[in-house]
Amino acid sequence: MNDAPALASRPTPARTGARPPAAARLLTAAAGATLATSGAVHAQLYLDGYRYLHAVGVLFLLQAAASFGLGALLVAGVLLRPPAVIHLAAAGTALGALTGFAASRTIGVFGFIEHGLQPAPQALISIVTECVTVLALLAAGYLTVRHQQAPVSRPPSLP
Numbered sequence: 470m471n472d473a474p475a476l477a478s479r480p481t482p483a484r485t486g487a488r489p490p491a492a493a494r495l496l497t498a499a500a501g502a503t504l505a506t507s508g509a510v511h512a513q514l515y516l517d518g519y520r521y522l523h524a525v526g527v528l529f530l531l532q533a534a535a536s537f538g539l540g541a542l543l544v545a546g547v548l549l550r551p552p553a554v555i556h557l558a559a560a561g562t563a564l565g566a567l568t569g570f571a572a573s574r575t576i577g578v579f580g581f582i583e584h585g586l587q588p589a590p591q592a593l594i595s596i597v598t599e600c601v602t603v604l605a606l607l608a609a610g611y612l613t614v615r616h617q618q619a620p621v622s623r624p625p626s627l628p
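In terms of the working numbering, the sequence shown is residues 470 to 628.
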């Protein structure tokens, strides 16, 4: 009696409750660090004079606070496994900052328009850290999902 086809067709359990792989945890921590760096840039610009810009100043302060808070949660998440909503909020914060940057160079934000990579070097640091944040979170999410979908190895059944 050959049970090979029956065994092959049996579904294997997924690792739904498993801890994300080390690479995903490292990428999550890196995303937290880069997001916090973006927060530091926004806080510095706020203190250096953006606080006097109508509406834009408050947005810089909110961006800094959200980036610091979510960055800390991501770094702590290496040990605590934060829910996916934290990852989504962090990615949204970084994407929001990038969108605000693009808008401030094109159509303006509440009448505020910047040009090129000014102020230097903060503009470039902000762009790089926010892009790295989004890419690291995407990669961490991919690795985590792939790890969860991998079948759990188990010893073969005896007939």
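The C-beta atom is built at its ideal place from N, Cα and C for all residues, glycine as well. Bear in mind the structure is a predicted one, so any value in this text is a computation, not a measurement.
Margin query: Going by C-alpha to C-alpha distance, which of 528, 585, 612, 591 sits closest to residue 578?
Written below: On the sequence shown, position 109 is the one that residue 578 refers to. The shortest C-alpha separation from residue 578 is found at 528.
Check: Hey, residue 506 and residue 535: beta-carbon distance below 7 Å or not?
Finding: Within the sequence shown, numbered from 1, the residue matching residue 506 stands at position 37. Within the sequence shown, numbered from 1, the residue matching residue 535 stands at position 66. No. Outside cutoff.
Note to self: At the level of alpha carbons, what is the spacing between residue 560 and residue 546?
What the structure shows: Counted from its first residue, the sequence shown places residue 560 at position 91. Counted from its first residue, the sequence shown places residue 546 at position 77. Straight-line Cα distance between these residues: approximately 15 Å.
Note to self: Quick check: does the Cβ of residue 537 come within less than 6 Å of any heavy atom belonging to the ligand ADP?
What the structure shows: For the structure depicted, the ligand ADP is absent and the ligand set is empty, with no information on it obtainable.
Notebook entry, point to check: Per DSSP, residue 581 is paired with what?
Noted result: Here the question's residue 581 lines up with position 112 in the sequence shown. DSSP, once it has assigned bridges, lists 578 as partnering residue 581.
Checklist line | At least three beta-carbon pairs within less than 8 Å, the segment 498–505 to the segment 514–533 | finding: They do not touch, by the three-pair rule.
Margin query: Let me make sure I understand the geometry here. Which of 565, 566, 539 has the alpha-carbon closest to that of residue 554?
Written below: Stepping through the sequence shown from its first residue, residue 554 is reached at position 85. Closest option to residue 554, Cα to Cα, is 539.
Check: What is the rounded straight-line gap between the Cα of residue 494 and the Cα of residue 610?
Finding: Residue numbering aside, residue 494 sits at position 25 when the sequence shown is read from its first letter. Residue numbering aside, residue 610 sits at position 141 when the sequence shown is read from its first letter. Cα to Cα, the separation comes out at about 10 Å.
Check: In terms of residues, what are the limits of the alpha helix (DSSP H) holding residue 535?
Finding: The residue you call residue 535 lines up with position 66 of the sequence shown. Start and end: 525–549.
Check: For residue 492, does the three-state DSSP call read helix, strand or coil?
Finding: In the sequence shown, the residue the question calls residue 492 occupies position 23. Here residue 492 sits in helix by DSSP.
Next item on the list: Return the Cβ separation of residue 570 and residue 522 in integer angstroms, given the expectation that the two are a contact with Cβ distance under 8 Å.
Entry: Walking along the sequence shown from the start, residue 570 turns up at place 101. Walking along the sequence shown from the start, residue 522 turns up at place 53. Between the beta-carbon of residue 570 and that of residue 522 there is about 15 Å, and that puts the pair past the 8 Å contact cut.
Notebook entry, point to check: To the nearest angstrom, how far is it from the Cα of residue 548 to the Cα of residue 525?
Noted result: Here the question's residue 548 lines up with position 79 in the sequence shown. Here the question's residue 525 lines up with position 56 in the sequence shown. Distance between the alpha carbons of residue 548 and residue 525: 36 Å.
Notebook entry, point to check: So residue 496 and residue 605 are in contact, right, with Cβ under 8 Å, and what is the actual spacing, rounded?
Noted result: Numbered from its first residue, the sequence shown carries residue 496 at position 27. Numbered from its first residue, the sequence shown carries residue 605 at position 136. About 5 Å separates the beta carbons of residue 496 and residue 605, which is inside the 8 Å limit, making them a contact pair.
Note to self: Tell me the rounded alpha-carbon separation between residue 614 and residue 518.
What the structure shows: What you label residue 614 is simply residue 145 of the sequence shown in a count that begins at 1. What you label residue 518 is simply residue 49 of the sequence shown in a count that begins at 1. Counting only the Cα atoms, residue 518 lies some 43 Å from residue 614.
Next item on the list: Using the Cα positions of residue 600 and residue 575, report the straight-line distance between them to the nearest angstrom.
Entry: Here the question's residue 600 lines up with position 131 in the sequence shown. Here the question's residue 575 lines up with position 106 in the sequence shown. Roughly 19 Å separates the two Cα atoms.
Next item on the list: Specify, as a first and last residue, the run of the alpha helix (DSSP H) that residue 610 falls within.
Entry: Along the sequence shown, one-based indexing puts residue 610 at 141. Residue 610: member of the alpha helix (DSSP H) spanning 591–618, first to last residue.
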